[in-house]
Amino acid sequence: MQSTLVMTVIGPDRPGLVESVATIVAQHGGNWLESRMSRLGGRFAGILRVRIPADALAAMTAALSGLSARGLSVTMQPDESEGAATQAELRQLEIIGHDRPGIVQQITSALARHGVNVEELETECVSAAMSGEMLFKARATVLVPNATNLIALKSELEKIAADLIVEVALLKLA
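Here the sequence shown is numbered in my numbering, starting from 42 and rising by one per residue.
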C-alpha cells in the first residue's frame with residue numbers, strides 16, 4: 042500500500058536543504074513525484090509531492106521532523122487529488138501593469154466568483170525599461186470549469202484591468 046503526500050518545506054536558504062529532504066524521502070523508499078521550490082526573501086520555500094510505502098510513513102515523518110533542528114519546517118498533508126476527475130480546461134492568465142496594492146486580490150476574487158481554481162501562480166515586480174516605474178507581472182495557470190460562463194469571466198477581468206490600468210489576458214493552453 043502506498044501513500045501520496047503533499048509537503049511544504051520552509052527555512053533559511055542555504056546549500057543542502059533540498060538534498061536533506063530528498064535523502065530522507067529516498068531512505069524510506071519514497072518517490073519524489075513533483076515539486077516547486079524557490080528562494081524568496083532570503084528563505085527557501087518549497088512544495089512537493091511524494092509517494093511513500095504506507096508502512097514507512099511514520100518513520101519518514103519522524104525523520105523529517107528532525108530537520109527542525111536545522112531550522113527547516115516541514116508539513117505534510119495527504120494528496121486528495123488522486124483519482125479526482127474534473128470537467129474543466131486549463132488556461133493561462135497573464136497580467137502586466139503598474140504595481141499597486143490589491144491586484145492579486147481583485148483578480149483572484151473574480152476567478153473565485155466564477156469557480157476558477159488557481160493551479161499555479163508566479164508574480165514579480167520589475168523596473169520598467171524606459172520609466173523605471175515598478176511593473177507588476179503575473180502568470181497563472183487556472184482551471185476553468187466547463188460550466189463557467191467565459192464571456193462573463195472575461196468581461197469581469199477586463200473591467201478590473203481597466204480599473205487597475207493593467208493588461209489581463211486569459212489564453213487557451215494548447
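Beta carbons are placed, not taken as given, at the ideal position from N, Cα and C, and that holds for glycine.
As the structure is a prediction and not an experimental result, all values here were calculated from the model.
- Taking each of 42, 86, 211 and 101 in turn and checking the Cα distance to residue 130, the smallest one comes out for 211.
- Proximity to residue 50 across 61, 43, 145 and 44 peaks at 61, based on C-alpha coordinates.
- When Cβ pairs closer than 8 Å are counted between the two stretches, the segment 144–154 is seen to touch the segment 194–204, the count reaching three or more.
- A direct Cα-to-Cα measurement between residue 162 and residue 136 gives close to 11 Å.
- The beta strand (DSSP E) runs of length 3 or more contained entirely in the segment 116–203 are, from start to end of the chain, 129–139, 158–168 and 175–186.
- Taking the Cα positions, residue 78 is about 4 Å away from residue 87.
- In the DSSP assignment, residue 42 falls outside any beta strand (DSSP E) and carries neither an H nor an E.
- Under a 10 Å Cβ-count criterion, residue 80 is classified as exposed, with fewer than 16 other Cβ atoms of the shown protein chains found around its own Cβ.
- For residue 88, the enclosing beta strand (DSSP E) begins and ends at 84–94.
- DSSP places residue 70 outside both helix and strand once states are collapsed to three, so it counts as coil.
- The Cβ atoms of residue 209 and residue 183 do not sit closer than 7 Å to each other.
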